[in-house]
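Residue numbers (the numbering used here), protein chains in the order written: chain A, 230 to 554; chain B, 230 to 554.
2 protein chains.
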Amino acid sequence: MAAGYQVPDVPALVDQAREGRPRAVARLISLVESGAPQLREVMAALAPLTGNAYVVGLTGSPGVGKSTTTSALVTAYRRAGRRVGVLAVDPSSPFSGGALLGDRIRMSDHASDPGVYIRSMATRGHLGGLAWAAPQAVRVLDAAGCEVILVETVGVGQSEVEIAAQADTSVVLLAPGMGDGIQAAKAGILEIGDVFVVNKADRDGADATVRELGHMLGLGEARRPGDWRPPVVRTVAARAEGVDEVVAALEKHRAWMEERGVLADRRRRRAAGEVETIALTALRARIGDLRGDQRLGALAERVARGELDPYAAADDLVAGVTGGA
Amino acid sequence: MAAGYQVPDVPALVDQAREGRPRAVARLISLVESGAPQLREVMAALAPLTGNAYVVGLTGSPGVGKSTTTSALVTAYRRAGRRVGVLAVDPSSPFSGGALLGDRIRMSDHASDPGVYIRSMATRGHLGGLAWAAPQAVRVLDAAGCEVILVETVGVGQSEVEIAAQADTSVVLLAPGMGDGIQAAKAGILEIGDVFVVNKADRDGADATVRELGHMLGLGEARRPGDWRPPVVRTVAARAEGVDEVVAALEKHRAWMEERGVLADRRRRRAAGEVETIALTALRARIGDLRGDQRLGALAERVARGELDPYAAADDLVAGVTGGA
Chain A
230 MAAGYQVPDV PALVDQAREG RPRAVARLIS LVESGAPQLR EVMAALAPLT
280 GNAYVVGLTG SPGVGKSTTT SALVTAYRRA GRRVGVLAVD PSSPFSGGAL
330 LGDRIRMSDH ASDPGVYIRS MATRGHLGGL AWAAPQAVRV LDAAGCEVIL
380 VETVGVGQSE VEIAAQADTS VVLLAPGMGD GIQAAKAGIL EIGDVFVVNK
430 ADRDGADATV RELGHMLGLG EARRPGDWRP PVVRTVAARA EGVDEVVAAL
480 EKHRAWMEER GVLADRRRRR AAGEVETIAL TALRARIGDL RGDQRLGALA
530 ERVARGELDP YAAADDLVAG VTGGA
Chain B
230 MAAGYQVPDV PALVDQAREG RPRAVARLIS LVESGAPQLR EVMAALAPLT
280 GNAYVVGLTG SPGVGKSTTT SALVTAYRRA GRRVGVLAVD PSSPFSGGAL
330 LGDRIRMSDH ASDPGVYIRS MATRGHLGGL AWAAPQAVRV LDAAGCEVIL
380 VETVGVGQSE VEIAAQADTS VVLLAPGMGD GIQAAKAGIL EIGDVFVVNK
430 ADRDGADATV RELGHMLGLG EARRPGDWRP PVVRTVAARA EGVDEVVAAL
480 EKHRAWMEER GVLADRRRRR AAGEVETIAL TALRARIGDL RGDQRLGALA
530 ERVARGELDP YAAADDLVAG VTGGA
């Protein structure tokens, strides 16, 4: 079966993905992840099929039980008859593409369910790549008919927080006795949470974590009437306890957003971020091309010698990119 | 004394900074940090005066004793008659500009020494700003006649690691009993260290930390003859123990780099990074201008509706920036 590289038939793949065929979905995500030459063709073909999925971001420090919670949410949504996509973004993983072993084990309940598509993305140490590829993979799952897409990220880096924040609804997970959780929350995760989950709520310290979290959320700016007040839900995801309450909180947030036009707003903002990232990547690549031309190298040499200041050098570089002066 | 904003007389400030007058240095760094209209004029005036300072980056997790070590290094360099600049970059600090209280206390030994200039930079949550402003502040200190510039960063974020890596010599600090230190090291700090310091070496576990570190350094790729082998120095910075050994290691590294042309190489690379960052910031600002024009907003709306794919939208945005199509 050692066939050569075959140019993918994008329209056929898109048709197959729409029918929910997992191999076609996998192939499309791989094309998107790898920045294949067909990337633009894929994105153009997918565009009219997107905009139907409800995208939920889940983030939290390692050890809070993100994968277990995600898996329990998948079960709950499947019981309600929804098609579900899972995108697990793991910046620390050395694996590129494909599913991670840990996820595979935790997600094995769903492995034979054709209504669930699970994909892990590693970032290969390239944070820009992560911010760039995740929304595109969400588009593939959306176009493939997933009604709910769960995007699971480790909430430690700025980039992961940004991905979670780009969801329609952001779920922040904490666990008792993890000072880290609250620390991470302090570092910016708190602001992005629409729903908070204290998992492993049967453990000592759960009350304290819920209390501390409530306190920190209360410390935020005063809310106006009608503002969303992020609920704190207790779960023991390993035993599926509290998971229906999480789903209820998600649906409530979704309804609240739809009522007020917040959902459309968020999606516009998400699209804007996506477009801007792609545009900046393109401009950066043009600068990279100039580096290949040794234009940047020559400028840097002059800056290092004090013959030129870095702003004047940057002007030169920008002019090379924009075709100016 | 509530005077209105005065347009700074850049040539006069630069002259005063060259004479080592701290208020002029402070003013120039503030201009650079704030992105004042005179920024380009400042950088152009400074360029011919730069390239003389030896820039040492110090990084490590919170609690390893970075400020204490920096202060002890300042004392050692001052004893040798060198003019010293200190730039403390603290991404977590809510203070903008000016010195941090903690640093002020630790650095108070040097407060009345005209041969030392100390400056703290906060990042105000804007990481791009940090990467951008730090090298410019280094230029000011360099032009002001600092022979050694110590750039102290908290080695937790990618951006801080990058700043440390941009130094002529990067010092990575660890302390015994801090699993975090080694963890951070694993996460990329290890690769950037030219000199490793195990501070608080009188504490339990110092031997284990030195051993573990030596082990990890040994696990790196095999070195060719003549390659730099990063030394591990033990210090108790609070009692100035081992600090002369750190200075000796720094001077040895500097000599090694000069012999092999590595120093010039690093400075060219630093300048290239600086120029590229400024150029990208300028291009990003142009995209931001388009956002102001609602061009991005209109494109995002169409992407959110599925009428346009994000790549086609990005093409449109890039064309707007580069004057193309």
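We treat Cβ as the ideally placed atom computed from N, Cα and C, and that holds for glycine. Values in this document were obtained by computation on a predicted structure and should not be read as measured data.
Of all alpha-carbon atoms in A:Gly310, A:Pro277, A:Arg307 and A:Val401, the one lying nearest the alpha-carbon of A:Arg368 is that of A:Pro277. Exposure of B:Pro266 is indicated by the presence of fewer than 16 other C-beta atoms within 10 angstroms of its C-beta. Among the residues facing chain B, A:Ile421 is not included, as its CB has no counterpart in that chain under 7 Å away. At a C-beta separation below 8 Å, A:Leu275 has these neighbours in chain B: Asp538.
Counting only Cβ-Cβ distances below 9 Å, A:Glu376 has no contacts in chain B at all, with the closest Cβ about 16 Å away.
Collapsing the DSSP output to three states places B:Val550 in a helix. Under the Cβ distance rule, A:Ile507 counts among the residues neighbouring chain B, one pair being separated by less than 7 Å.
The three-state secondary structure of B:Ala317, taken from DSSP, is strand. At a cut-off of 7 Å between C-beta atoms, B:Arg496 counts as an interface residue with respect to chain A. Close partners of B:Glu470 in chain A (Cβ separation under 7 Å) are lacking, with about 32 Å as the shortest Cβ gap.
The beta carbon of A:Ala363 sits no closer than 7 Å to any beta carbon of chain B.
At a cut-off of 7 Å between beta-carbon atoms, B:Thr551 makes contact with chain A.
For chain A, the residues of the region 523-548 of chain B that bring a beta carbon within less than 9 Å of one of its beta carbons are Leu525, Gly526, Leu528, Ala529, Glu530, Arg531, Val532, Ala533, Arg534, Gly535, Glu536, Leu537, Asp538, Pro539, Tyr540, Ala541, Ala542, Ala543, Asp544, Asp545, Leu546 and Val547, in chain order.
Inter-segment contact for the region 425-439 of chain A and the region 463-480 of chain A is present: three or more beta-carbon pairs are separated by less than 8 Å. Contact with chain B is found for A:Gly280, since one of that chain's Cβ atoms lies less than 7 Å from the residue's Cβ. Between A:Tyr540 and B:Ile507 a beta carbon distance of about 6 Å is seen, short of the 8 Å cut, so the two are scored as contacting.
The beta-carbon of B:Leu512 is placed less than 7 Å from the nearest beta-carbon of chain A. Taking a C-beta distance under 7 Å as the contact criterion, B:Ala511 and A:Val547 qualify as a contact pair. Residue pairing for A:Thr438: DSSP places it in no beta bridge. A check of alpha carbon separations from A:Asp371 across A:Ala282, A:Ser300 and A:Pro251 identifies A:Ala282 as the nearest. With a cutoff of 7 Å on beta-carbon distance, A:Leu257 and A:Ala274 are scored as not near each other. In the same chain as B:Arg463, and ignoring 5 residues on each side of it, the C-beta atoms closer than 7 Å to its own belong to Val427, Ala430, Ala435, Val439 and Gly471, in chain order. DSSP, read as helix, strand or coil, puts A:Ser290 in coil. Among the residues facing chain A, B:Val318 is not included, as its CB has no counterpart in that chain under 7 Å away. Neighbours of B:Ile516 in chain A, taken as residues at a C-beta separation under 9 Å, are given in chain order as Glu505, Ala508, Leu509 and Leu512.
Chain-ordered, the chain B residues with CB closer than 9 Å to the CB of A:Met272 read Asp538, Pro539, Tyr540 and Ala541. With a cutoff of 7 Å on beta-carbon distance, B:Val239 and B:Glu262 are scored as not near each other. The C-beta of B:Arg458 comes no closer than 7 Å to any C-beta of chain A.
Where B:Glu381 is concerned, there is no enclosing alpha helix (DSSP H), although the beta strand (DSSP E) around it starts and stops at Val377 to Val383.
Comparing C-alpha distances from A:Ala253 to each of A:Ala373, A:Glu474 and A:His482 shows the shortest one belongs to A:Ala373. Going by beta carbons, B:Thr297 and B:Val401 fall outside the 7 Å limit. A:Leu442 is a Cβ neighbour of A:Val461, given a cutoff of 7 Å. Residue environment for A:Glu381: buried (at least 16 other C-beta atoms within 10 angstroms of its C-beta).
The Cβ atoms of A:Ala529 and B:Val504 sit closer than 7 Å to each other.
The three-state reading of DSSP puts A:Leu537 in coil, since its state is none of H, G, I, E or B. Under the 10 Å beta carbon count, A:Glu391 is surrounded by 16 or more other beta carbons and is classified as buried.
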